[in-house]
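Numbering (the working numbering), first residue to last: 559 to 966.
Structure first, commentary second.
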Ligand code: CTP
């Protein structure tokens with residue numbers, strides 16, 4: 559279940575070009591089961607109409623401090639009833655007013671009359687974002703415990719490029735999940751690998767595979783939303799999940815280096831990457847030429863990263879593998895579970911329709927050494943990630959219980 563399920567979230571939209579992205583943020587929050595109460599400032603209405611947001615949110619947009627049709631005291635009612643307030647986009651003016659407690663409109667009153675956590679998502683031009691007054695205001699808000707989803711660098715409304723672009727709707731929703739999440743994995747350090755490795759043949763060509771990395775990214779995002787500190791070792795350039803540190807690698811050897819140097823300190827390692835089993839034994843340092851005829855490419859095995867981790871696993875660490883199979887799914891996955899000394903393996907039949915590589919959905923079976931298999935029918939990769947993380951939490955809890963009762 560999403561931590562946003564059933565939560566009352568006030569979405570404050572202020573007047574910047576990025577206001578159009580609030581529509582997508584609203585949609586995603588509603589899709590996650592939240593009850594979204596939208597508030598728009600006067601300036602925001604220059605950028606998007608109230609009709610759009612009212613249609614997508616859980617109730618009509620509120621804009622008025624006076625003559626508000628929903629309640630005679632909107633200045634306190636809305637903030638008091640909130641579980642979370644998100645301001646996206648937050649303009650320099652909104653940030654300044656919030657810092658000063660200048661309650662001139664419904665949104666600022668709501669921000670003052672609440673005990674709920676607040677997430678501010680600034681968006682403005684680089685010059686404004688870097689202006690000392692904005693820097694000071696942000697510092698004060700952070701010190702007060704306001705959560706900030708930092709703006710990204712990229713193309714801005716005027717066509718110029720720099721810091722100040724509103725963070726992606728995905729990162730803003732992930733921040734909301736983190737703030738409202740149970741924090742069950744707080745203090746837990748986790749490594750997740752994602753994507754297919756690319757093994758060079760020459761200076762331009764590689765041997766690759768079809769893995770998109772989406773399932774690994776979903777696992778990393780879900781773990782971070784539950785409070786884990788996550789390092790994602792990735793071969794693909796998908797947007798980094800909010801709060802996750804991404805280490806980019808390309809080959810199996812680079813992935814091995816990145817993971818092994820961090821493994822001893824990790825409480826959980828999830829190998830969702832599709833690591834090549836073989837690589838060219840020698841790599842030409844120039845482009846192989848067609849006129850030299852078909853090359854003879856001699857392959858050698860790559861290191862099995864997961865098997866190595868299983869052989870040297872520190873006490874208490876939870877090690878999770880994935881098994882991408884086209885035949886004998888359960889038997890093959892079961893043998894990998896045992897051979898690589900894993901605590902959990904996520905088996906997926908990559909030949910089935912809408913499953914595995916490149917899709918947004920997956921259907922998997924979870925196998926553990928001492929528990930019944932659990933099947934997850936076709937579901938969004940994020941939902942599969944949720945069950946994988948729930949299972950990891952269960953394994954950790956049963957170990958802690960065994961330690962307490964002296965079973966181990
Ligand atoms: N794996 C790994 N290093 C490798 C190959 C695989 O760490 N060189 C990990 C994968 O990340 C995955 C698990 O081992 O978590 C199983 O990978 P898979 O490709 O399904 O199996 P293999 O062990 O490579 O066996 P096979 O190719 O025969 O199915």
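Here a beta-carbon is modelled for each residue, glycine too, at the ideal position from N, C-alpha and C.
If you're wondering where the values come from, they're calculated on a predicted model, not measured in any experiment.
Residue 699 has its alpha-carbon roughly 13 Å from the corresponding atom of residue 670. Looking only at 751, 620, 875 and 957, the smallest Cα-Cα distance to residue 769 is reached by 751.
Not one heavy atom of the ligand CTP is found less than 7 Å from the C-beta of residue 822.
DSSP places residue 746 in the coil class of the three-state scheme, outside both helix and strand. In this structure residue 952 is exposed. Its beta-carbon is surrounded by fewer than 16 other beta-carbon atoms within 10 angstroms. Excluding sequence positions up to five before and after residue 774, its CB lies within less than 8 Å of the CB of 750, 751, 752, 753, 790, 792, 828, 830 and 831, all in the same chain and listed in chain order. By the neighbour-count criterion, in which a residue is buried when 16 or more other Cβ atoms sit within 10 angstroms of its Cβ, residue 587 is buried. For residue 631, the number of other beta carbons within 10 angstroms of its own is below 16, and it is reported as exposed. In this structure residue 624 is exposed. Its beta-carbon is surrounded by fewer than 16 other beta-carbon atoms within 10 angstroms. Inclusion of residue 577 and residue 690 in the CB contact set at 8 Å is not warranted, their separation being larger than that value. Leaving aside the five residues that flank residue 659 on each side, the residues in its chain whose CB is nearer than 7 Å to its CB run, in chain order, 670. Residue pairing by DSSP places residue 937 opposite 920 in a beta bridge. In the structure shown, the three-state DSSP call for residue 600 is coil.
Secondary structure of residue 632 (DSSP, three-state): helix. In its chain, beyond the 5 residues on either side, 832, 906, 908 and 914 have a beta carbon closer than 7 Å to the beta carbon of residue 882. Residue 696: member of the alpha helix (DSSP H) spanning 690-701, first to last residue.
The three-state reading of DSSP puts residue 899 in coil, since its state is none of H, G, I, E or B. Out of 903, 570 and 826, the CA that lies nearest to the CA of residue 955 is found in 826. Below 8 Å, too few C-beta pairs join the segment 756-772 and the segment 797-804 to call them touching: fewer than three.
Distance from the C-beta of residue 861 to the nearest heavy atom of the ligand CTP is below 7 Å. Under the DSSP assignment, residue 669 falls in the alpha helix (DSSP H) whose first and last residues are 664-670. Going by beta carbons, residue 604 and residue 570 fall outside the 8 Å limit.
Between the segment 885-900 and the segment 911-927 there are three or more C-beta pairs closer than 8 Å, enough to call the two in contact.
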